[in-house]
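A.B. asks: Those sequence lines, one after another, are chains V and W. Residues in the first sequence are numbered consecutively from 1, following the working numbering. Residues in the second sequence are numbered consecutively from 1, following the working numbering.
There are 2 protein chains.
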Amino acid sequence: MRADARKNYDHLLGVARAAVLEHGADASLRDIARQAGVGLGTLYRHFPTREALLEALLHEGFAAVAERADELADSDGPRDALVTWFRECTRWTYEYRGVTTPMMAAIEDPESALHDSCVTLRAAGARLLVRAQEAGVARPEVDGTDLFALIAALAWLHDQPSTAARADHLFDVLTRAVLRD
Amino acid sequence: MRADARKNYDHLLGVARAAVLEHGADASLRDIARQAGVGLGTLYRHFPTREALLEALLHEGFAAVAERADELADSDGPRDALVTWFRECTRWTYEYRGVTTPMMAAIEDPESALHDSCVTLRAAGARLLVRAQEAGVARPEVDGTDLFALIAALAWLHDQPSTAARADHLFDVLTRAVLRD
DNA sequence: GAATATACGGAGCACTGCTCCGATTTGTCA
DNA sequence: TGACAAATCGGAGCAGTGCTCCGTATATTC
Chain V
1 MRADARKNYD HLLGVARAAV LEHGADASLR DIARQAGVGL GTLYRHFPTR EALLEALLHE
61 GFAAVAERAD ELADSDGPRD ALVTWFRECT RWTYEYRGVT TPMMAAIEDP ESALHDSCVT
121 LRAAGARLLV RAQEAGVARP EVDGTDLFAL IAALAWLHDQ PSTAARADHL FDVLTRAVLR
181 D
Chain W
1 MRADARKNYD HLLGVARAAV LEHGADASLR DIARQAGVGL GTLYRHFPTR EALLEALLHE
61 GFAAVAERAD ELADSDGPRD ALVTWFRECT RWTYEYRGVT TPMMAAIEDP ESALHDSCVT
121 LRAAGARLLV RAQEAGVARP EVDGTDLFAL IAALAWLHDQ PSTAARADHL FDVLTRAVLR
181 D
């Protein structure tokens, strides 16, 4: 990679992060390029699709949340590990508005730049879920895809003006759908 | 209302219904106008906002689902009435893709053309919910807004390619968050 | 310092929502 | 019936979007 390309890539990523934090995952790509002092073609060369840009932006976070699942599996009991991870994962998605729709599309599309990260995240959750089910504290009819869907749904609800304020409460409500009473 | 205006209004509504059924709630307004053989200005005069168009499209459905709640309250027990209405209401939203985001925005915005219909729907669900809670079969911490949010979340999940096929299963899962075990 | 491969920038295309206003049609009243 | 006023229409025009393409400029290599 050429030196100027590397510099543009890094700068672009920084500007994109700020833009996505402020305007959500559907921030204007033109604005990002302009704000980075770079042509639109340059942005598209480095990030051919919006998913590629999001992947570059979120990759570390995905990995950290997935790894956190294994940490919790070691340190906590089946029930606490699942609930804590579910909560932390959900909270993490709250940072980036509108990221949940591309994620739901990506997990179904192996060509998407976000696909692998989403699959990794789902698998991490599924491990904790199975463990909790084996311990008899989670409902047996729920699977990893359901858990992923619930996380995405909570993120979506957090993006909606009418339910953003009660996100924590909705998390508690949805937790009852996963846990055995 | 002038005769030509009335004719355009009705025709526009028919074309819009087909377009929304096929392309979802964010169907191109230009396409709808073109397909109806009408200028864009005409469409905007009859339906000043997209919400106004959706309200005209969905008003009957909103009213029918709300009324259905009272029917079920008369005919069924607290638990069955709630679950059946929850299911029917959710299924109804499946007919129109992408309608849930504008609904969630509308219920918070009294100026929106969809506001009243959304409030009516939420109130209908809340009546059945309170009845079920008084009978001890629904969780006391859930309220009407939560129920509305769950319906919207299920509709959103149904719009996503990765979870559309398991919509019924997700309904069963989320029902456990509303009902007492 | 010259040659080559790499990367850049932005004009251009097709689409979107939405506004505005001159042209047209309808209903009314003499 | 015919003229007039009010209601309605149609689409050009503006600003924004995603995305492509290619002439130009820059970095690296020899």
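Note that the Cβ used here is the ideal one computed from N, Cα and C, for glycine as well. In this text the structure is predicted, and so the values were computed from the model without any measurement.
(1) Between A69(V), L58(V) and A81(V), which has its C-alpha nearest G24(V)'s C-alpha?
(2) Does any CB atom of chain W fall closer than 9 Å to the CB of M1(V)?
(3) Starting from R131(V) and walking both ways along the alpha helix (DSSP H), at which residues does that stretch end?
(4) Taking the straight line between their C-alpha atoms, what separation do you get for E88(V) and V65(V)?
(5) Does the stretch 31-51 of chain W come close enough to the stretch 5-18 of chain W to have 3 or more Cβ pairs within less than 8 Å?
(6) To the nearest angstrom, how far is it from the Cα of F171(V) to the Cα of T84(V)?
(7) Please confirm if E51(V) has its CB atom under 9 Å from at least one CB of chain W.
(8) With DSSP collapsed to three states, give me the class of A138(W).
(9) Assuming G98(W) contacts D159(W) (C-beta within less than 8 Å), just tell me the rounded distance between them.
(10) Could you list the residues in the stretch 54-86 of chain W with a C-beta less than 7 Å from some C-beta on chain V, going in chain order?
(11) The stretch 124-138 of chain V: which residues have C-beta closer than 7 Å to a C-beta of chain W, in chain order?
(12) Three Cβ pairs or more, each shorter than 8 Å: is that satisfied between the stretch 130-145 of chain W and the stretch 128-144 of chain V?
(13) Could you list which residues in chain W have their beta carbon closer than 7 Å to that of T156(V), in chain order?
(14) With A33(W) as the anchor, note down where its alpha helix (DSSP H) starts and where it stops.
(15) Would you say R79(V) and L147(V) are within 9 Å of each other, going by their C-beta atoms?
(16) Look at the alpha carbon of D76(W) and the alpha carbon of V137(W), and state the distance between them as a whole number of angstroms.
(17) Would you call M103(W) buried or exposed, if buried means 16 or more other Cβ atoms sit within 10 Å of its Cβ?
(18) Please report the residue range of the alpha helix (DSSP H) in which M104(V) lies.
(19) Tell me which same chain residues have a C-beta within less than 7 Å of the C-beta of G61(V), skipping the five on either side of it?
(20) Hey, out of L154(W), A5(W), A63(W) and G144(W), whose CA is closest to R127(W)'s CA?
(21) For my contact list, T100(W) and A152(W) are in at a C-beta cut-off of 8 Å; report their separation, rounded to the angstrom.
(22) Measure the C-alpha to C-alpha separation of A123(V) and R68(V) and round it to an integer number of angstroms.
(23) Counting only Cβ pairs nearer than 7 Å, list the residues of chain W close to S162(V).
(24) Measure the alpha-carbon distance for R17(V) versus L53(V) and round it to whole angstroms.
(25) Restricting to Cα atoms, I'd like to know which of D4(V), E108(V), A135(V) and C118(V) is closest to A81(V).
(26) Given L157(W), which residues of its chain have a CB within under 6 Å of its CB, disregarding the five upstream and five downstream residues?
(27) Could you check the C-alpha separation between V142(V) and E111(V) for me, to the nearest Å?
(28) Taking 9 Å as the CB-CB cut-off, is R176(W) touching chain V?
(29) Looking at the secondary structure, which residues open and close the alpha helix (DSSP H) in which F47(W) lies?
(30) Along chain V, in chain order, which residues have C-beta atoms closer than 7 Å to that of A149(W)?
(31) Is V117(W) buried or exposed, if buried means 16 or more other CB atoms sit within 10 Å of its CB?
(32) Please work out which residues of its chain come closer than 8 Å, Cβ to Cβ, to A177(V), disregarding the five sequence neighbours upstream and downstream, and give them in chain order.
(33) In the DSSP assignment, what are the bridge partners of L174(V)?
(34) Would you say L43(W) and L29(W) are within 9 Å of each other, going by their C-beta atoms?
C.D. replies: Let's see:
(1) L58(V)
(2) no
(3) H115 to E134
(4) 8 Å
(5) yes
(6) 11 Å
(7) no
(8) strand
(9) 6 Å
(10) none
(11) none
(12) no
(13) Here residue 156(V) is Trp; the residue named in the question, Thr, does not match the sequence. Near W156(V) (Cβ distances below 7 Å), the residues of chain W are A153 and W156.
(14) L29 to Q35
(15) no
(16) 14 Å
(17) buried
(18) T100 to A106
(19) W92
(20) G144(W)
(21) 5 Å
(22) 12 Å
(23) M104, I107 and E108
(24) 9 Å
(25) A135(V)
(26) T163 and L170
(27) 27 Å
(28) yes
(29) Note, F47(W): premise wrong, no alpha helix (DSSP H); not H, not E.
(30) L157, T163 and L170
(31) Checking the sequence, you will find Ser at residue 117(W) rather than Val. That one is buried.
(32) R139, V142 and L150
(33) BP columns for L174(V) are empty, so no partner.
(34) yes
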